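Chains as they are written, first to last, in the numbering used here: chain A, 49 to 486; chain B, 1351 to 1613.
Note that beta-carbon positions come from the ideal geometry of N, C-alpha and C, so glycine has one too.
Being a predicted model, the structure only gives us computed values, none of them experimental.
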Ligand code: SF4
Ligand code: SF4
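Below you can see the structure in the form of structure tokens.
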């Protein structure tokens, strides 16, 4: 029985880690479903292609070559090294040691582990660069107002995490006497092994075991840290790029509820009572968005996917000229508010209880919304196909159509369009005067 | 030069039982704004010269609804759209050309789901097609060797991925096309879009058009070319603000061509 104790402990830790992760995923899906349904069943081929290109191929990251390259190193390193995790899990469950060695043979196994070791070192190098970029070099997009407190710490914590995991991986290999004797695949760890040359076998074994356990526990903690971090994008970048915009960026959706009413008004034969029957069936439609539930599920998925990289904000004309608007903040606010709503659901058995707060006003100010030029620079810049502009537009729609709260000059402009078919006070009958002017 | 412009209306065409090759959608700026009217006329001169069979709606045209939609007033937008679509469909319009990227975007992308399906072209695309078909020739003339930088309108570039048509036309002028450091998909907005044209900017430390003008001035241009009446206004104001209006002209691509041809 005693012999199986480690396996048992391992199994318990594993089930616990994955169990908590599954609960987080469940909560994530529930929150995203709070948004309105959108039909994205079209153009499947194009959607898969976008996912392969943008998420897997990181095509948008190379726009900024240095950061892009480093990011690819960490990403590839991290993903590939996790193949090793599979072996660790199986070893842990069955009480074996490096169970892939025998079936693969020393050459192939050595090649694999050797590549992992090299990648581990590359990841370490990249992480140091990233840390310096975040903390020593004063890069503007990491210094904005929304990047203080948790978002700033989150960015660093994950870097420390990666350092620790990579070091544990290398230590584990370096102190594994059998693996070092094999002499295949210890391309990096053989040098680290030298540092342990004076240590007796027993201690070495304890160090190796500790590194092994800490490594796998670290990975499970990391997995569960994701939900609270911008690093959720490691997973969500895939669905998010799949559901990303396929239409031209300039095309804003036409609200169907409005179309119905407009058609009714324009159609002289429309039955005025047909509308009221409709109204009885469901609540009158709310135009635009004042809170996260008014947005659609893709917009909420966008919010969880945001990497807080600030590429959008650094390209934003309003932000560049000192206005309050920051498209990154729009995404972070949406996620924060969605999390808040999720917590309300958690503590009220899944029922939403009005907490007197909403996304509009309590998180995003009118001033931010009205500063947007709808230029699409943010959408173009985002490496994971997020559309901050669509959220800004939904809130403007709410302000204008539900609250008549547009800036005065815009109300004048709209009155002009209504009265004389142009944003300025000119008579529609004079539209062709230019043709006869000298 | 002072030759009378030929600007037939759809009503006139229909009265004669004819259908033009293309409808020229003039837009509100092109109809009423003094600076933009010059662009409209320059474009018509080229159309006349190339013997393009076109017509305008004249008093039957109304705002596409773009500024209302970007301001958030979906009702007003759809009212405008449905009214315009009724007119366009009644005239059985197939192809539309417009000098305004905002009209272009709205007509092309946002009208179809409301029942308005047309082949919509920005004037730079239309002129490039004329060129390709040999119906229009462009010679450098006064612009030969001039340093010209092109400012990408957001609603033509990023919004609809049209980057090359205006550039091809400028290159035909034998001019030296110099790109700003942020251009094409990374081009900075002029500050007018999203209904900003009609209101003051929010508090900040600079106007967007000044920032963009500074980027343009970095290329040491003799001419800043634009493809949008609103960008044109913003850049013209920017150049004035920098007191460079004596040295640097802000011109629409259509004006460049019309002037090169001495029209
Ligand atoms: S669309 Fe709006 S938020 Fe996005 S970059 Fe342009 S001005 Fe900024
Ligand atoms: S929206 Fe996209 S570009 Fe902006 S911070 Fe998030 S991930 Fe980066």
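Contact between residue 1610 of chain B and residue 1491 of chain B holds: their C-beta atoms lie close to 4 Å from each other, under 8 Å.
Within the region 134-200 of chain A, the complete alpha helix (DSSP H) runs of at least 4 residues fall at 149-183. Within the region 1484-1563 of chain B, the runs of beta strand (DSSP E) that reach at least 3 residues and sit entirely inside it are, in chain order, 1497-1500. Sixteen is the threshold: when 16 or more other Cβ atoms of the shown chains lie within 10 Å of the Cβ of residue 339 of chain A, as they do, the residue is buried. Considering only beta carbons, no part of the region 194-228 of chain A lies closer than 9 Å to chain B. Under the Cβ criterion of 8 Å, residue 448 of chain A is counted among the residues facing chain B. Using a CB distance cut-off of 8 Å, residue 423 of chain A counts as an interface residue toward chain B. In this structure, the beta-carbon distance from residue 466 of chain A to residue 1426 of chain B falls below 8 Å.
Membership of residue 1583 of chain B in the alpha helix (DSSP H) is indicated by the continuous run 1579-1591.
Shown here, residue 1575 of chain B sits in a strand according to DSSP, grouped into three states. Cβ neighbours of residue 471 of chain A within its own chain (closer than 6 Å, five residues either side excluded): 461, 464, 465. For residue 410 of chain A, no beta strand (DSSP E) encloses it; the enclosing alpha helix (DSSP H) starts and ends at 407-410. The closest heavy atom of ligand 2 lies less than 7 Å from the beta carbon of residue 434 of chain A. Counting along the chain, residue 68 of chain A sits inside no beta strand (DSSP E); it lies in the alpha helix (DSSP H) bounded by residues 53-81. The straight-line gap separating the alpha-carbon atoms of residue 119 of chain A and residue 193 of chain A is approximately 24 Å. Within the model, the alpha-carbon separation for residue 251 of chain A versus residue 220 of chain A is close to 13 Å. In the DSSP assignment, residue 1599 of chain B falls within the unbroken beta strand (DSSP E) covering 1599-1602. Shown here, residue 1469 of chain B sits in a strand according to DSSP, grouped into three states.
Ranked by Cα distance from residue 1463 of chain B, the options A/257, A/122, A/306, A/413 are led by A/306. Distance from the CA of residue 88 of chain A to the CA of residue 294 of chain A, rounded to the nearest whole angstrom, comes to 10 Å. Of the residues B/1526, B/1397, B/1544, the one whose Cα lies closest to the Cα of residue 1569 of chain B is B/1526.
When Cβ-Cβ separations below 8 Å define contact, residue 1426 of chain B makes contact with chain A.
When C-beta atoms of the region 183-193 of chain A are compared with those of the region 353-371 of chain A, three or more pairs fall below 8 Å, so the two segments count as touching.
Excluding five sequence positions before and after residue 1400 of chain B, the CB atoms of its chain that fall closer than 8 Å to its own CB belong to 1480, 1485, 1486, given in chain order.
Shown here for residue 1524 of chain B: same chain residues with a beta carbon closer than 6 Å to its own, the five before and five after excluded, namely 1490, 1494 in chain order.
Within chain A, the residues 310 have their CB atoms less than 7 Å from the CB of residue 1429 of chain B, given in chain order.
Counted as a single uninterrupted DSSP element, the alpha helix (DSSP H) harbouring residue 264 of chain A occupies residues 249-273.
Counted as a single uninterrupted DSSP element, the stretch harbouring residue 1443 of chain B is not any alpha helix (DSSP H), since DSSP gives it neither H nor E.
The C-alpha of residue 1605 of chain B lies about 40 Å from the C-alpha of residue 452 of chain A. When the beta-carbon positions are compared, residue 1504 of chain B and residue 1541 of chain B stay at least 8 Å from each other.
At least one CB of chain B lies nearer than 8 Å to the CB of residue 465 of chain A. Residues of the region 1544-1570 of chain B with a Cβ closer than 9 Å to any Cβ of chain A, in chain order: 1544, 1545, 1546, 1547, 1548, 1549, 1550, 1551, 1552, 1553, 1554, 1555, 1556, 1557, 1558, 1560, 1561, 1562.
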